[in-house]
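In the numbering used here, the protein residues as written are 16 to 148. Quick reminder that beta carbons are idealized off the backbone N, C-alpha and C, glycines included. The structure under discussion appears below in the form of structure tokens.
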């Protein structure tokens with residue numbers, strides 16, 4: 016089996032709105048990240064296990080299963096418990112409503128619409144900051 020080694024950080028972008036996922040893909044690839052897109056919430060855990068991304072950017076509000084449910088599932092599994100995650104939402108009240116979850120599940124938040132510079136900084140810090148022990 017041929018395995019291709021990729022030295023660029025891999026970001027899995029999950030949003031049920033393809034236009035947003037593709038916008039993030041364009042911005043991230045311009046910053047020299049490799050990206051994978053997923054628009055089906057029910058396939059996220061499978062994609063994380065299969066591809067081992069360096070960062071997961073996960074929309075909060077999606078059909079079938081929401082981002083918080085996916086994050087909880089990922090944190091239960093040893094292989095994905097420390098995966099850096101950025102939760103994305105257009106609902107500012109999410110910051111207050113899910114403050115405890117953000118802390119408990121060690122996730123960052125990105126409000127939509129987002130500022131490109133802030134988003135790039137958040138991605139860089141999430142991937143390259145030292146992981147907690």
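- Runs of the alpha helix (DSSP H) lying entirely within the segment 53-108 and spanning at least 4 residues, in chain order: 59-66, 82-91.
- With 16 or more other Cβ atoms inside 10 Å of its own Cβ, residue 68 counts as buried.
- For residue 123, the enclosing beta strand (DSSP E) stretches over residues 122-126.
- Annotation: the continuous alpha helix (DSSP H) that includes residue 41 extends over 33-45.
- Linking residue 123 to residue 65 through their CA atoms gives a straight-line distance of about 23 angstroms.
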